[in-house]
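Here's the structure, in structure tokens; my notes come after.
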């Protein structure tokens with residue numbers, strides 16, 4: 017799907033236009049989490065309220081670009097992939113957009129299984145089959161030395177916003193969910209364990225260790241070669257589930273995968 021040159025540096029909130037800003041819409045295999053390997057249509061919105069320095073969808077956050085598409089237009093494109101029964105709504109942060117609710121309602125009526133990939137800072141009431149929540153750890157904060165634009169202006173905003181325990185707990189209570197953490201190294205584990213316990217305390221739904229997923233940081237095969245084994249060993253040590261980045265293993269960092 018072609019993408020226009022529409023660009024917004026500060027994508028804290030959704031635009032006022034009808035429909036959704038779509039960065040990519042493509043058919044591939046789900047590469048992460050419990051549905052890894054499932055043929056899936058991905059609807060990637062543009063715009064995010066956070067700025068992870070390692071963001072694997074740079075053009076939805078740091079330099080967001082998109083084509084504005086109406087809900088029916090998106091649904092028609094999804095339906096053109098006749099073999100797919102699963103749809104992933106991802107970003108960026110798709111839940112900053114009110115019309116994401118409308119899209120999810122339409123997909124639900126058509127019988128699709130929907131997954132929403134979210135950073136867990138926003139709760140919305142809508143039909144979702146699986147919420148894949150990726151809370152952002154302190155290691156995600158774009159400090160001046162890690163900021164891909166070299167400015168460091170997002171450091172404080174990102175740090176202040178990256179965890180909303182009320183929104184996170186509400187998502188876990190309302191939907192079938194998985195907690196998916198991007199692991200940059202062993203130093204992330206104390207924060208992961210602390211955050212999991214905080215969510216367990218605030219939520220009424222029980223969260224087994226098997227629904228806590230550790231995923232190696234890296235957007236290329238070369239980067240994953242440095243983090244994959246260590247993350248797997250950390251999962252075994254702490255009793256959590258390891259999740260691959262199958263799309264990177266198969267297609268490296270090619271767009272539309």
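Residue numbers (this note's numbering): 17 to 273.
All residues carry an ideal CB built from backbone N, CA and C; glycine is no exception.
What you are looking at is a predicted structure, and each value in this text was computed from that prediction instead of being measured.
Mind checking who residue 36 pairs with in its DSSP beta bridge? 85
With distances taken from CA atoms, which of 61, 172, 147, 133 is nearest residue 158? 172
Distance check for residue 215 and residue 224, CA to CA, integer angstroms please. 12 Å
Neighbourhood of residue 234 by C-beta distance below 6 Å, restricted to the same chain and skipping five residues each side: 240, 243
Continuous alpha helix (DSSP H) stretch holding residue 184: start and end: 181 to 190
Less than 9 Å between the C-beta atoms of residue 151 and residue 195, yes or no? yes
Can you tell which of 229, 140, 83 has its C-alpha closest to the C-alpha of residue 111? 140
Determine the direct distance from the alpha carbon of residue 36 to that of residue 95, and round the result to whole angstroms. 17 Å
Assuming contact is defined by CB atoms lying nearer than 9 Å, are residue 39 and residue 67 in contact in what I supplied? no
Is the CB-CB distance between residue 131 and residue 148 below 9 Å? yes
Would you say residue 34 and residue 63 are within 9 Å of each other, going by their C-beta atoms? no
Taking 8 Å as the cut-off, does the segment 76 to 88 touch the segment 39 to 53 (at least 3 CB pairs, one atom from each stretch)? yes
CA-to-CA distance, residue 155 to residue 211, given in whole angstroms: 14 Å
Residue 85 to residue 202, Cα distance in whole Å? 41 Å
What separation, rounded to the nearest whole angstrom, lies between the Cα atoms of residue 88 and residue 122? 9 Å
Quick check on this structure: which residue in 135, 134, 153, 128 has the alpha carbon closest to the alpha carbon of residue 143? 128
CA nearest to the CA of residue 255, picked from 261, 229, 268: 229
Classification of residue 266 by the beta-carbon crowding that lies within 10 angstroms, buried from 16 upward: exposed
Following the continuous beta strand (DSSP E) through residue 129, name the residue where it begins and the one where it ends. 129 to 134
Let's see if you can read the secondary structure: which residues bound the beta strand (DSSP E) around residue 56? 55 to 61
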